[in-house]
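Protein chains in written order, with our numbering: chain A, -10 to 293; chain B, 35 to 285.
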């Protein structure tokens, strides 16, 4: 482990410990705001881990998140929460590996559209399955864990996600992913098994999104496909990561906090203002700063 | 006889109705420096794509170090010691020159050593190429000529046994071509590589290689000593004649 990586991971862990005290310091409203921030930090970081490095624009975040959420919805009656969460991650990761093996030879718009379609496919499949076999769409969670438990679980996943991102960036695996993003064929001629690297990266990224979905699911007392496979979760993740700078470590983190706060605060008073702001910022950035805001700080903290 | 490192047997590539490479055989042994020439559209680069695994041939066989790799992915060719450059430099633009060289060392070159340990770190390879002073600069910011050299450095990072060079001299000045050729010979000698060097400009190559193969309309029409090949009527007809007698006289 390089000194730089050790420093970054120590900082991430320290931030995690500090944030662990929040449930006893913040009001219920602020705590739910913090939860929302953490969720997008983890989603945007895990998305950047794969899509930022490889330039494979994935819109499948909602699919992985929803799969995780449904593992909790179906499993929570028989499984403890602490088991449902990693299981949600594992199932989402396995699903990503399976799908990735089939579609990761596609690039650009084809890949993006396909991953978007994936979310819709899973959502409709679950709806159909529930209608046909369970004869009900949606489930009520009878005994959800306490808010503090949920917060600490999501915090743990977030810390693990960001630390993993840092470790991946400093590793051979991360170099291989960056090679795929820079010039996939060139990377291959230098010995990278690009197919395996892409599948592994896609699955790892999906694992965190799935675990997060499983952890967050209990916040909806009533879980139905429409809400947990909400494509907006995926879009917002992509926008946040791209605006923050998907090729940096800290960019998506900072951007996720800022936009989650904006989102929660503006959504109540000016529901459209937030979306317009997000859209405008994206357009301006794509035109003038395609690497995102984080790319401005490259070479300093961004390249940890 | 030195070890046979790369053997192409009856390599045939067809794109729809067009035969780009027509049953080409080529054998290269350790320490050889072989030139491949041919007019534009002769199938040189397509043939190179098959030698490096970037393109699977429609028919034929590719044996690398005794192992049949026909139909395998490019990374397996790289891992078996075949490294290549691209005609248009394909450096990793956002990475430093040093990281570009390190890339090969981290993957294809990881479990292999050069015959001599002269090129076992990025700095040594960059110094050899005269790129030591731009090690920290993002590769996209280098001049085209330096990017070409860096392409060679990336390939050397993969610690190859067979080095495939695709028009590395294109666009260079006379002096630069000369320096590059000396460099290639030096690398070949020091690391005991087999080198296959494609060049469109005949004269450049004829002066530096010990053996030359000529492709014409996808087929190999000559293979041997450059001086003999240059007098071969079929070659004169196919290539030198078309390119102009001036070059031939000068060679």
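We treat Cβ as the ideally placed atom computed from N, Cα and C, and that holds for glycine. Note that this is a predicted model, so its numbers are computed, not measured.
Please find out if some non-hydrogen atom of the ligand NAP comes closer than 6 Å to the beta-carbon of residue 286 of chain A.
Absent from the structure shown: the ligand NAP. Ligands present: none.
Does chain A have any CB closer than 7 Å to the CB of residue 86 of chain B?
Numbered from its first residue, the second chain carries residue 86 of chain B at position 52. Yes, residue 86 of chain B counts as interfacial toward chain A.
I'd like to know whether the C-beta of residue 250 of chain B is nearer than 7 Å to at least one C-beta of chain A.
Mapped onto the second chain, residue 250 of chain B falls at position 216. Cβ-Cβ to chain A under 7 Å: no for residue 250 of chain B.
Compile a chain-ordered list of the residues in the segment 139 to 161 of chain A whose CB is closer than 7 Å to at least one CB of chain B.
Residues 161.
Does the beta carbon of residue -7 of chain A sit closer than 7 Å to a beta carbon anywhere in chain B?
Locating residue -7 of chain A in the first chain gives position 4, where the first residue counts as 1. False, the Cβ-Cβ gap to chain B never drops below 7 Å.
Is there a C-beta anywhere in chain B that falls below 7 Å from the one on residue 180 of chain A?
Position 191 of the first chain, counted from the first residue, corresponds to residue 180 of chain A. Chain B contact via Cβ: present.
Measuring CA to CA, which of B:252, B:158, B:251, B:233 is closest to residue 243 of chain B?
Residue mapping note: residue 243 of chain B aligns to position 209 of the second chain, counting from 1. Of the candidates B:252, B:158, B:251, B:233, the one whose C-alpha sits nearest the C-alpha of residue 243 of chain B is B:233.
Exposed or buried, what is residue 259 of chain A when buried is set at 16 or more other beta-carbons lying within 10 Å of its beta-carbon?
Position 270 of the first chain, counting from 1, holds the residue named residue 259 of chain A. By the neighbour-count rule (16 or more Cβ atoms within 10 Å), residue 259 of chain A is not buried but exposed.
Please classify residue 112 of chain A: is it buried, with 16 or more other beta-carbons within 10 angstroms of its beta-carbon, or exposed?
Locating residue 112 of chain A in the first chain gives position 123, where the first residue counts as 1. Result: buried.
Compare the C-alpha of residue 253 of chain B against each of B:201, B:76, B:84 and name the closest.
Within the second chain, residue 253 of chain B is the residue found at index 219, counting from 1. Answer by Cα proximity: B:76.
Under three-state DSSP, which class holds residue 275 of chain A?
By one-based count along the first chain, residue 275 of chain A stands at place 286. In this structure, residue 275 of chain A counts as helix in the three-state DSSP scheme.
Among residues of its own chain, excluding the 5 on either side of residue 34 of chain A, which ones have a beta-carbon nearer than 7 Å to its beta-carbon?
For this step, residue 34 of chain A is matched to residue 45 along the first chain. 150, 151, 154, 241, 242, listed in sequence order.
Chain A beta carbons: is any one of them nearer than 7 Å to that of residue 153 of chain B?
Walking along the second chain from the start, residue 153 of chain B turns up at place 119. Residue 153 of chain B does not count as touching chain A.
Would you say residue 171 of chain A faces chain B, with C-beta separation under 7 Å as the test?
For the purposes of this step, residue 171 of chain A is taken as residue 182 along the first chain, with counting starting at 1. Yes, residue 171 of chain A lies at the interface with chain B (some Cβ there is under 7 Å from its Cβ).
Do the segment 78 to 88 of chain B and the segment 46 to 60 of chain B make contact, defined as three or more Cβ pairs closer than 8 Å?
As far as the Cβ criterion goes, the segment 78 to 88 of chain B touches the segment 46 to 60 of chain B, which means the pair count is three or higher.
For the segment 83 to 126 of chain B, list the beta strand (DSSP E) runs that are entirely contained and at least 3 residues long, ordered along the chain.
Correct list: 93 to 98, 116 to 118.
Alpha carbon to alpha carbon, how far is residue 72 of chain B from residue 233 of chain A? Give it in angstroms, no decimals.
Indexing the first chain from 1 puts residue 233 of chain A at position 244. Indexing the second chain from 1 puts residue 72 of chain B at position 38. Distance between the alpha carbons of residue 233 of chain A and residue 72 of chain B: 50 Å.
Do you know offhand how far residue 125 of chain B's Cα is from residue 64 of chain A's?
In the second chain, counting from the first residue as 1, residue 125 of chain B sits at position 91. In the first chain, counting from the first residue as 1, residue 64 of chain A sits at position 75. Rounded to the nearest angstrom, the two C-alpha atoms are 49 Å apart.
For the putative contact between residue 223 of chain A and residue 48 of chain A, defined by C-beta atoms under 8 Å, what is the C-beta separation to the nearest angstrom?
The count along the first chain starts at 1 and reaches residue 223 of chain A at position 234. The count along the first chain starts at 1 and reaches residue 48 of chain A at position 59. Residue 223 of chain A to residue 48 of chain A, Cβ: 5 Å. Contact.
Taking any Cβ of chain B, which residues in the segment 175 to 203 of chain A have a Cβ under 8 Å from it, in chain order?
For the segment 175 to 203 of chain A, which is checked against every Cβ of chain B, the residues closer than 8 Å are 175, 176, 177, 178, 179, 180, 181, 182, 183, 184.
Going by DSSP, which residues form a beta bridge with residue 256 of chain B?
As a first step, residue 256 of chain B must be located in the second chain, where it is residue number 222. Answer is B:248, bridged to residue 256 of chain B.
Please list, in chain order, the chain A residues whose beta carbon lies closer than 7 Å to that of residue 188 of chain B.
Taking the second chain and counting its residues from 1, the one referred to as residue 188 of chain B is at position 154. Correct list: 179.
Identify whether residue 128 of chain B lies in helix, strand or coil by the three-state DSSP scheme.
Locating residue 128 of chain B in the second chain gives position 94, where the first residue counts as 1. Looking at residue 128 of chain B - three-state DSSP - the assignment turns out to be coil, as it is neither helix nor strand.
Just checking my contact of residue 112 of chain B with residue 179 of chain A at CB under 8 Å: how many whole Å lie between their CB atoms?
Residue mapping note: residue 112 of chain B aligns to position 78 of the second chain, counting from 1. Residue mapping note: residue 179 of chain A aligns to position 190 of the first chain, counting from 1. Right, the Cβ-Cβ distance comes to about 6 Å (below 8 Å), so this counts as a contact.
Does the Cβ-Cβ distance between residue 204 of chain A and residue 30 of chain A come in under 7 Å?
Looking up residue 204 of chain A in the first chain gives position 215. Looking up residue 30 of chain A in the first chain gives position 41. Cβ distance not < 7 Å, so residue 204 of chain A and residue 30 of chain A don't count as in contact.
Mind pulling the chain A residues with CB within less than 8 Å of residue 129 of chain B?
Walking along the second chain from the start, residue 129 of chain B turns up at place 95. Residues of chain A passing the Cβ test: 167, 171.
Alpha carbon to alpha carbon, how far is residue 70 of chain B from residue 54 of chain B? Give it in angstroms, no decimals.
Taking the first residue of the second chain as position 1, residue 54 of chain B is located at position 20. Taking the first residue of the second chain as position 1, residue 70 of chain B is located at position 36. Taking the straight line joining both Cα atoms gives about 15 Å.
How many Å lie between residue 65 of chain B and residue 41 of chain B at the Cα?
As a position in the second chain, residue 65 of chain B is number 31, starting the count at 1. As a position in the second chain, residue 41 of chain B is number 7, starting the count at 1. Their Cα atoms are separated by approximately 14 Å.
What residue does the alpha helix (DSSP H) around residue 173 of chain A start on, and which one ends it?
Within the first chain, numbered from 1, the residue matching residue 173 of chain A stands at position 184. Residues 161 to 178.
CA-CA distance, residue 114 of chain B and residue 106 of chain B?
Residue 114 of chain B sits at position 80 when you count from the first residue of the second chain. Residue 106 of chain B sits at position 72 when you count from the first residue of the second chain. Their backbone Cα atoms lie some 11 Å apart in a straight line.
Given a threshold of 16 other Cβ atoms within 10 Å of its Cβ, counted over all protein chains shown, does residue 114 of chain A qualify as buried or as exposed?
Residue 114 of chain A sits at position 125 when you count from the first residue of the first chain. Classification for residue 114 of chain A: exposed.
DSSP state of residue 211 of chain A, grouped into three classes?
Position 222 of the first chain, counted from the start, is the residue given in the question as residue 211 of chain A. Strand.
Kindly list the residues whose CB is nearer than 8 Å to the CB of residue 93 of chain A, restricted to its own chain and excluding five residues on each side of it in sequence; keep chain order.
One-based indexing of the first chain puts residue 93 of chain A at position 104. Counting only Cβ-Cβ distances below 8 Å, and skipping sequence neighbours, we find 45, 100, 184, 187, 188, 191.
List the DSSP bridge partners of residue 56 of chain A.
Stepping through the first chain from its first residue, residue 56 of chain A is reached at position 67. None; residue 56 of chain A has no bridge partner.
What residues in the segment 194 to 220 of chain B have a beta carbon less than 7 Å from any beta carbon of chain A?
Correct list: empty, as no residue qualifies.
Does the distance from the C-beta atom of residue 119 of chain B to that of residue 202 of chain B stay below 7 Å?
Taking the second chain and counting its residues from 1, the one referred to as residue 119 of chain B is at position 85. Taking the second chain and counting its residues from 1, the one referred to as residue 202 of chain B is at position 168. Yes, the Cβ-Cβ distance between residue 119 of chain B and residue 202 of chain B is below 7 Å.
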